[in-house]
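Under the working numbering, the first residue of the sequence shown carries the number 11, and numbering increases by one thereafter.
Heads up, the thing below is written out as structure tokens.
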Amino acid sequence: MIPFSVLDLSPICAGATAADAFRNSADLARHAERWGYKRYWLAEHHNMPGIASAATSIVIAHVAAATRTIRVGSGGVMLPNHAPLVIAEQFGTLESLFPGRIDLGLGRAPGTDQRTAWALRRNMTATDDQFPRDVMELQTLLGPEEPGQAVRAVPGVGLKVPIWLLGSSLFSAQLAAILGLPFAFASHFAPELMMPALELYRGQFQPSQTLEKSYAMLGLNVFAAESDAEARHLFTSLQQQFVNLRRGHPTQLQPPLDSTEGRWTAAEHAGIDRSLAEAIVGSPETVRRGLEAFIARTGADELMVTAQIYDHKARLRSFEIVAQIRDRMASELSRNAAARVAGT
Numbered sequence: 011m012i013p014f015s016v017l018d019l020s021p022i023c024a025g026a027t028a029a030d031a032f033r034n035s036a037d038l039a040r041h042a043e044r045w046g047y048k049r050y051w052l053a054e055h056h057n058m059p060g061i062a063s064a065a066t067s068i069v070i071a072h073v074a075a076a077t078r079t080i081r082v083g084s085g086g087v088m089l090p091n092h093a094p095l096v097i098a099e100q101f102g103t104l105e106s107l108f109p110g111r112i113d114l115g116l117g118r119a120p121g122t123d124q125r126t127a128w129a130l131r132r133n134m135t136a137t138d139d140q141f142p143r144d145v146m147e148l149q150t151l152l153g154p155e156e157p158g159q160a161v162r163a164v165p166g167v168g169l170k171v172p173i174w175l176l177g178s179s180l181f182s183a184q185l186a187a188i189l190g191l192p193f194a195f196a197s198h199f200a201p202e203l204m205m206p207a208l209e210l211y212r213g214q215f216q217p218s219q220t221l222e223k224s225y226a227m228l229g230l231n232v233f234a235a236e237s238d239a240e241a242r243h244l245f246t247s248l249q250q251q252f253v254n255l256r257r258g259h260p261t262q263l264q265p266p267l268d269s270t271e272g273r274w275t276a277a278e279h280a281g282i283d284r285s286l287a288e289a290i291v292g293s294p295e296t297v298r299r300g301l302e303a304f305i306a307r308t309g310a311d312e313l314m315v316t317a318q319i320y321d322h323k324a325r326l327r328s329f330e331i332v333a334q335i336r337d338r339m340a341s342e343l344s345r346n347a348a349a350r351v352a353g354t
């Protein structure tokens, strides 16, 4: 059975604060560790009233300190917003504090709107060539020290923090293949390019010191509850978040709606359906069927489950249900394998 992991956008719910979001993230991480999730990643976003993880490396430290064994990392750090040396030092520090538990996922989007990107970067002239150069520079900074190396990440040098490339298009899929790095695709909001990106990554993958063969992790919205109706109700919080973002007015995560009738236009509804086409929403049985079909269709090596659920207890319950389904699927696979061996 493939591993399941968690992507947490550290949601700030309507009427709550960033401090509440950080407490909820630490609590969810502790539960995720107990439920057998492999990783717990946090994402860099800026100027978003509903997302608390802008200072991503600090929130990673907060979550790692609240847990003991689960891997914690970035899904991702938006590398064009930072000098590679800064990221090497930050993640070298994290790896030194929490050895063997830190992942560094890298994206090339700004994680925000263009005006805020300018405030972050002060320079918007970077080309497509800059991101690959920055990734390779970061690999060097986290790799073994070279003779005569003038610039070192301290801490960071020699720590070999695992680097992942993240993407919602074909660019990072191709770069991950060329560099022989693990690849995580944002199918939780860009499903249309998921299969082309996987085909490109797997078809062009070149073995490296990092990986002998391709390794693809897929982001997936999963909203699980005791019934299909309850899960669809919870899902309306994410739908509202998507519409508000596309209208240019991002908000805190809103309470779920009893009805979405008249809440958005036909065009907005179609946009939601496209962006969230891979979402799995429903009862345990519905979610199980959806997960089995998704894994079979994509051949994913790992799933990164995310769920922007307004009520923290309902969010915990959703991730618990998913973990229980994963465990039942694994047990059935083991029984089937044993039966095949016995039959021979």
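Where is the CB? At the ideal position from N, CA and C, for every residue including glycine.
Report buried or exposed for G177, applying the criterion of at least 16 other Cβ atoms within 10 angstroms of its Cβ. The count along the sequence shown starts at 1 and reaches residue 177 at position 167. Buried, by the Cβ-count rule.
Residue range of the alpha helix (DSSP H) that M146 falls in? Counting from 1 along the sequence shown, the entry for residue 146 is found at position 136. Residue range 140-152 is occupied by the alpha helix (DSSP H) that includes M146.
What first and last residue would you give for the alpha helix (DSSP H) that runs through L228? As a working note, residue 228 is residue 218 in the sequence shown. Following the DSSP letters along the chain, one finds L228 in no alpha helix (DSSP H) but inside the beta strand (DSSP E) bounded by residues 226-234.
If I measure Cβ to Cβ from Y211 and keep anything under 7 Å in the same chain, skipping five residues before and after, which residues do I get? For this step, residue 211 is matched to residue 201 along the sequence shown. For Y211, where only same-chain residues beyond five positions count, the Cβ hits under 7 Å are A183, A186, A187, F193, S224, A226.
Coarse secondary structure for S84, derived from DSSP in three states: In the sequence shown, counting from the first residue as 1, residue 84 sits at position 74. Three-state result, S84: strand.
Whole-angstrom Cβ separation of A129 and P120, contact assumed at under 8 Å? Position 119 of the sequence shown holds residue 129. Position 110 of the sequence shown holds residue 120. Incorrect: roughly 10 Å between the Cβ atoms, too far for contact.
Would you mind giving the Cβ-Cβ distance between L38 and F329, rounded to the nearest angstrom? I have them listed as a contact below 8 Å. Taking the first residue of the sequence shown as position 1, residue 38 is located at position 28. Taking the first residue of the sequence shown as position 1, residue 329 is located at position 319. The Cβ separation is near 7 Å, so the contact holds.
If you count every other CB in all the chains shown that lies within 10 Å of the CB of V161, and 16 or more means buried, which is it? Within the sequence shown, numbered from 1, the residue matching residue 161 stands at position 151. By the Cβ neighbour-count rule, V161 is exposed, with fewer than 16 other Cβ atoms within 10 Å of its own.
Pick out whichever of L52, A36, W45, L19 has its Cα sitting closest to the Cα of G115. On the sequence shown, residue 115 is found 105 positions in, with the first residue counted as 1. Of the candidates L52, A36, W45, L19, the one whose C-alpha sits nearest the C-alpha of G115 is L52.
For the alpha helix (DSSP H) containing I68, list its first residue and its last residue. Locating residue 68 in the sequence shown gives position 58, where the first residue counts as 1. Boundaries of the alpha helix (DSSP H) around I68: 66-76.
Check the C-beta distance from P13 over to E209 and give it rounded, since I have them as a contact under 8 Å. Here residue 13 is taken as the residue at index 3 of the sequence shown, counted from 1. Here residue 209 is taken as the residue at index 199 of the sequence shown, counted from 1. Not quite, the Cβ-Cβ distance comes to about 22 Å (not below 8 Å), so this is no contact.
When the cut-off is 8 Å and only beta carbons count, does S247 lie next to chain D? No chain D is part of this structure, which consists of one protein chain only.
So, helix, strand or coil for L267, using DSSP? As a working note, residue 267 is residue 257 in the sequence shown. Here L267 sits in coil by DSSP.
Starting from I97, trace the beta strand (DSSP E) both ways and give me its first and last residue. Numbered from its first residue, the sequence shown carries residue 97 at position 87. Per DSSP, I97 lies in no beta strand (DSSP E); the unbroken alpha helix (DSSP H) holding it starts and ends at 94-107.
N-terminal and C-terminal residue of the alpha helix (DSSP H) that F252 is part of: Numbered from its first residue, the sequence shown carries residue 252 at position 242. Here the alpha helix (DSSP H) through F252 covers 238-256.
Run through the stretch 264-338 for me and flag every whole beta strand (DSSP E) of 3 or more residues, listed as ranges in chain order. 290-292, 312-316
Using the DSSP secondary-structure output, state which residues sit across from P21 in a beta bridge. As a position in the sequence shown, residue 21 is number 11, starting the count at 1. According to DSSP, which records beta bridges pairwise, P21 is partnered with I61.
Let me check understanding here. Comparing Cα to Cα, which of T316, F245, L301 lies closest to A310? Sequence index remark: in the sequence shown, residue 310 carries index 300 (1-based). Considering only alpha carbons, the answer is L301.
Quick one: residues in its chain with C-beta nearer than 7 Å to the C-beta of E155, no 5 flanking neighbours on either side, listed in chain order? In the sequence shown, counting from the first residue as 1, residue 155 sits at position 145. Here the set comprises R162, V167, G168.
Take every Cβ of the stretch 290-304, pair it with every Cβ of the stretch 262-277, and state whether three or more of those distances are shorter than 8 Å. no
Which of the three DSSP states is assigned to G353 in this structure? Residue numbering aside, residue 353 sits at position 343 when the sequence shown is read from its first letter. G353: helix per DSSP, three-state reduction.
Identify which residue in F245, V145, Q159 has its Cα closest to the Cα of L175. As a working note, residue 175 is residue 165 in the sequence shown. The candidate whose alpha carbon is nearest that of L175 is V145.
State buried or exposed for K48, treating a residue as buried only when at least 16 other CB atoms are found within 10 Å of its CB. Within the sequence shown, numbered from 1, the residue matching residue 48 stands at position 38. K48 comes out buried.
With respect to the alpha helix (DSSP H) encompassing I188, which residues constitute its N-terminal and C-terminal limits? By one-based count along the sequence shown, residue 188 stands at place 178. Secondary structure note for I188: its alpha helix (DSSP H) is the uninterrupted segment 181-189.
Endpoints, alpha helix (DSSP H) assigned at G213: For the purposes of this step, residue 213 is taken as the residue at position 203 of the sequence shown. Note, G213: alpha helix (DSSP H), 204-214.
Go to A194, then tell me how far its alpha helix (DSSP H) extends in each direction, as first and last residue. Position 184 of the sequence shown, counted from the first residue, corresponds to residue 194. Not the alpha helix (DSSP H): A194 falls in the beta strand (DSSP E), residues 193-195.
Spatial neighbours of L243 in its chain, beta-carbon cut-off 7 Å, leaving aside the 5 residues before and after: Translated into the one-based positions of the sequence shown, residue 243 becomes position 233. According to the sequence as given, residue 243 is His; it is not Leu. Excluding sequence positions up to five before and after H243, its CB lies within less than 7 Å of the CB of P266, all in the same chain and listed in chain order.
Please return the same chain residues whose Cβ sits closer than 7 Å to the Cβ of P206, not counting the five positions on each side in sequence. Sequence index remark: in the sequence shown, residue 206 carries index 196 (1-based). Contacts found: L180.
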